[in-house]
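One structure is given below, encoded as C-alpha cells.
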Amino acid sequence: MKEKILKELKSRAGQYISGEEISNGLKVSRTAVWKYINQLKNMGYVIESQTNKGYRLVTSPDSLMPQEIKENLHTNFIGQHIQFLEEVDSTNLYAKRLAENSFEDGTVIIAEEQLKGKGRMGRDWVSPKGKGIWMTLMLKPKISPADAAKITLLAACAVCRSIEEIGGVYPKIKWPNDIVLNGKKLCGILTEMSVELDEINYLIVGIGVNVNLEPEDLPKQILDIATSIQIEKGSSIIRKELAAAIMNNFESYYSTFISKGSIKDYINEYKEKSAILGKEVRVTSSSLELQGTVADISEEGQLLLRLEDGSIREIISGEVSVRSLKGYIS
Ligand code: BTN
Numbered sequence: 010m011k012e013k014i015l016k017e018l019k020s021r022a023g024q025y026i027s028g029e030e031i032s033n034g035l036k037v038s039r040t041a042v043w044k045y046i047n048q049l050k051n052m053g054y055v056i057e058s059q060t061n062k063g064y065r066l067v068t069s070p071d072s073l074m075p076q077e078i079k080e081n082l083h084t085n086f087i088g089q090h091i092q093f094l095e096e097v098d099s100t101n102l103y104a105k106r107l108a109e110n111s112f113e114d115g116t117v118i119i120a121e122e123q124l125k126g127k128g129r130m131g132r133d134w135v136s137p138k139g140k141g142i143w144m145t146l147m148l149k150p151k152i153s154p155a156d157a158a159k160i161t162l163l164a165a166c167a168v169c170r171s172i173e174e175i176g177g178v179y180p181k182i183k184w185p186n187d188i189v190l191n192g193k194k195l196c197g198i199l200t201e202m203s204v205e206l207d208e209i210n211y212l213i214v215g216i217g218v219n220v221n222l223e224p225e226d227l228p229k230q231i232l233d234i235a236t237s238i239q240i241e242k243g244s245s246i247i248r249k250e251l252a253a254a255i256m257n258n259f260e261s262y263y264s265t266f267i268s269k270g271s272i273k274d275y276i277n278e279y280k281e282k283s284a285i286l287g288k289e290v291r292v293t294s295s296s297l298e299l300q301g302t303v304a305d306i307s308e309e310g311q312l313l314l315r316l317e318d319g320s321i322r323e324i325i326s327g328e329v330s331v332r333s334l335k336g337y338i339s
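Basically the numbering used here = 1-based index in the sequence shown + 9.
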C-alpha cells in the first residue's frame, strides 16, 4: 500500500493530492493513508501536508524501493519483479528459499541491509544499512551447468560498466568476478545454482556493491583491501540509479549470451577491464597453490596461467583465490 501511495504522490509531480482522493482511489481509510504517509516520511520521503489541500511529495530519499528503481529500468524481464526488503539475513539465502516454490525468471531480491551477507569461500560480506546495493538476480537459464561460470563473467562486466556510467569511476575486474578500484575491492559477486541431471533448476547471481560506505563502515582488518565508490570518488552516488543500470546492462549481456550460446561478444570487453591480464599472480585453493603469469582469459571463462616452465594451466573459477604477488591486487 505504501508503494501505491507513493506512486500517486509521484504522479502529481510535486502538486498536492487530497487524502480523500488517495483513500477513494486505493480503497483504504483516510487514517490508513495518514499512517502510510508517516511511514514514508520515516523512510526519508519529504512530504508536505496541508489542511484542505492534502499531501505533496517534495523529495525522495535514495531508497531501493521498486518504484524508485523502476524509474530508470528499461528491461523486459530482469527486475520486472522486485522483492524489496528493509532487512534480510542474505539476499542469496532469501532467493534460495523463494526458489524452493516458484519464481518468475529475472526476479530480483534487493535489501537495504543484510545481517548475514555471504561472500565467496564461506566468508562474510559486510552489508550496512542504506550504504550499498545488496541484491540477487534469480534466473532460469536453459544452459549446461558447465557454462554457468560465463554468467558470472557477464555479471562482472555489466556491473563494471554500470559503475562507469553512473559512478564516473573506472574500476577493473579481478578474475573471476571481483570489481576493484585503485587496487581495492568494491564489489563481489556470488553465483550459486541448483542442478539436477545436468540441467539448471535455477541460478542466482548475488551482487554486493559498496556504494556509499565510509571507512568506518568497513571492519579495520579489511580496510587495506576493501573500499567503496564513495571512498574512492570522494562523493556519494545515487544507489537506485546504479541498481537500475546493473539490471539494464545485465539483461542486455545475458540475453545475447543465451541467444548466441557464447560470450564471444563480451570477452574482449572483459579482458580490457581485467586487472590481472599479463600480471604475475598466485592462485590458491584448498587443493592447489600455483604461481604464474596470466596469459589470457578464455571464452569458456577460464583463467589461462603461464607457469614458470612455459606450460599453460587452465583454471576454472570456483573456490580459488587469485592474489598479486605484492598483496590483494595492484
Ligand atoms: C565475494 O565474496 O566476493 C562475493 C560477495 C557477494 C555479496 C553479495 S551481497 C548480495 C548477495 N547476498 C549475499 O549474501 N551475498 C551476495
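For each residue, glycine too, the CB sits at the ideal point set by N, CA and C. For clarity, every value in this text was computed on a predicted model and none was experimentally measured.
* To do: If I'm right that Tyr45 touches Met10 with Cβ under 8 Å, what's the distance once you round it to whole angstroms?
  => Numbered from 1 along the sequence shown, position 36 holds the residue referred to as residue 45. Numbered from 1 along the sequence shown, position 1 holds the residue referred to as residue 10. Their Cβ separation, rounded to whole angstroms, is 6 Å, which keeps Tyr45 and Met10 in contact under 8 Å.
* Where the beta strand (DSSP E) through Asp305 begins and ends -> For the purposes of this step, residue 305 is identified with residue 296 of the sequence shown, where counting begins at 1. Counting along the chain, the beta strand (DSSP E) containing Asp305 begins and ends at 297-306.
* Under three-state DSSP, which class holds Phe340? -> The shown model of the chain, from 10 to 339, leaves out residue 340, and the question about it has no answer.
* Asked: Cα separation between Gln260 and Lys151?
  -> On the sequence shown, position 251 is the one that residue 260 refers to. On the sequence shown, position 142 is the one that residue 151 refers to. Sequence check: residue 260 is Glu here, not Gln. Glu260 and Lys151: Cα-Cα distance of roughly 15 Å.
* Asked: Is any heavy atom in ligand 1 found nearer than 7 Å to the beta carbon of Trp143?
  -> Here residue 143 refers to the residue found at position 134 of the sequence shown. It does: the Cβ of Trp143 is within 7 Å (strictly closer) of some heavy atom of ligand 1.
* To do: Apply the 10 Å Cβ neighbour rule to Tyr179 and answer buried if 16 or more other Cβ atoms are within range, or exposed otherwise.
  => Position 170 of the sequence shown holds residue 179. Flag for Tyr179 reads exposed.
* **Segment contact, 8 Å Cβ cut-off, at least three pairs: the stretch 146-163 with the stretch 121-138** => no
* CA-CA distance, Ile87 and Tyr64? -> The residue labelled residue 87 in the question sits at position 78 within the sequence shown. The residue labelled residue 64 in the question sits at position 55 within the sequence shown. Distance between the alpha carbons of Ile87 and Tyr64 is about 33 Å.
* Which residues DSSP lists as bridging Ile216, in chain order -> Residue 216 sits at position 207 when you count from the first residue of the sequence shown. For Ile216, which the question treats as bridged, DSSP gives the partners Met144, Ile198.
* Leaving out the 5 sequence neighbours to the left and right, which residues in its chain are closer than 6 Å to Ile247 when beta-carbon positions are compared? -> Within the sequence shown, residue 247 is the residue found at index 238, counting from 1. Only Asp71 meet the Cβ criterion.
* Measure the alpha-carbon distance for Met256 versus Thr84 and round it to whole angstroms. => Indexing the sequence shown from 1 puts residue 256 at position 247. Indexing the sequence shown from 1 puts residue 84 at position 75. Whole-angstrom Cα-Cα distance: 7 Å.
* Can you list, in chain order, the stretches of the alpha helix (DSSP H) that have 4 or more residues and sit fully within the stretch 20-60? -> 28-35, 39-51
* **Coarse secondary structure for Tyr211, derived from DSSP in three states** => What you label residue 211 is simply residue 202 of the sequence shown in a count that begins at 1. Looking at Tyr211 - three-state DSSP - the assignment turns out to be strand.
* So, helix, strand or coil for Ser283, using DSSP? -> For the purposes of this step, residue 283 is identified with residue 274 of the sequence shown, where counting begins at 1. DSSP, reduced to helix, strand and coil, places Ser283 within a strand of the structure shown.
* To do: Can you tell me the Cβ-Cβ gap for Ile198 and Ala252, rounded? I've got them flagged as a contact below 8 Å.
  => Taking the first residue of the sequence shown as 1, we reach residue 198 at position 189. Taking the first residue of the sequence shown as 1, we reach residue 252 at position 243. With a Cβ gap of about 14 Å, Ile198 and Ala252 do not count as contacting.
* Asked: With respect to the beta strand (DSSP E) encompassing Ala120, which residues constitute its N-terminal and C-terminal limits?
  -> Here residue 120 corresponds to residue number 111 of the sequence shown, with the count starting at 1. Segment 117-120, the beta strand (DSSP E) holding Ala120.
* Straight-line CA distance for Ile285 to Ile240? -> Residue mapping note: residue 285 aligns to position 276 of the sequence shown, counting from 1. Residue mapping note: residue 240 aligns to position 231 of the sequence shown, counting from 1. Between Ile285 and Ile240, the C-alpha separation is close to 23 Å.
* So does Thr116 have its beta carbon nearer than 7 Å to some heavy atom of ligand 1? -> Position 107 of the sequence shown, counted from the start, is the residue given in the question as residue 116. No, ligand 1 has no heavy atom inside 7 Å of this Cβ.
* **C-alpha gap between Val331 and Glu308, whole angstroms** => As a working note, residue 331 is residue 322 in the sequence shown. As a working note, residue 308 is residue 299 in the sequence shown. Roughly 19 Å between the two C-alpha positions.
* Exposed or buried, Leu232, counting other C-beta atoms within 10 Å across all chains shown (16 or more means buried)? -> Numbered from 1 along the sequence shown, position 223 holds the residue referred to as residue 232. Flag for Leu232 reads exposed.
* Locate the beta strand (DSSP E) running through Arg332, then write down its first and last residues. => Looking up residue 332 in the sequence shown gives position 323. From DSSP, the beta strand (DSSP E) with Arg332 extends over 330-333.
* To do: Output the distance between the C-alpha atoms of Thr145 and Glu95, rounded to the nearest integer angstrom.
  => Counting from one through the sequence shown, the residue named residue 145 turns up at place 136. Counting from one through the sequence shown, the residue named residue 95 turns up at place 86. C-alpha separation (whole angstroms): 14 Å.
* To do: Give me the Cα-Cα distance between Asp114 and Asp207, rounded to the nearest whole angstrom.
  => In the sequence shown, residue 114 corresponds to position 105, counting from 1. In the sequence shown, residue 207 corresponds to position 198, counting from 1. In a straight line, the C-alpha of Asp114 is about 19 Å away from that of Asp207.
* Asked: For Val292, which of Phe93, Arg132, Gln76, Ser326 has the nearest alpha-carbon?
  -> As a position in the sequence shown, residue 292 is number 283, starting the count at 1. Closest by alpha carbon: Ser326.
* To do: Mind the definition here: the stretch 208-220 touches the stretch 275-285 only if three or more C-beta pairs lie below 8 Å; say whether that holds.
  => no
* Selected residue, minimal CA-CA separation from Gln76, among Val67, Thr60, Lys62, Phe93 -> Taking the first residue of the sequence shown as 1, we reach residue 76 at position 67. Ranking the options by Cα distance to Gln76, first place goes to Phe93.
* Does DSSP put Gly63 in a helix, a strand or coil? -> On the sequence shown, position 54 is the one that residue 63 refers to. Strand, per DSSP.
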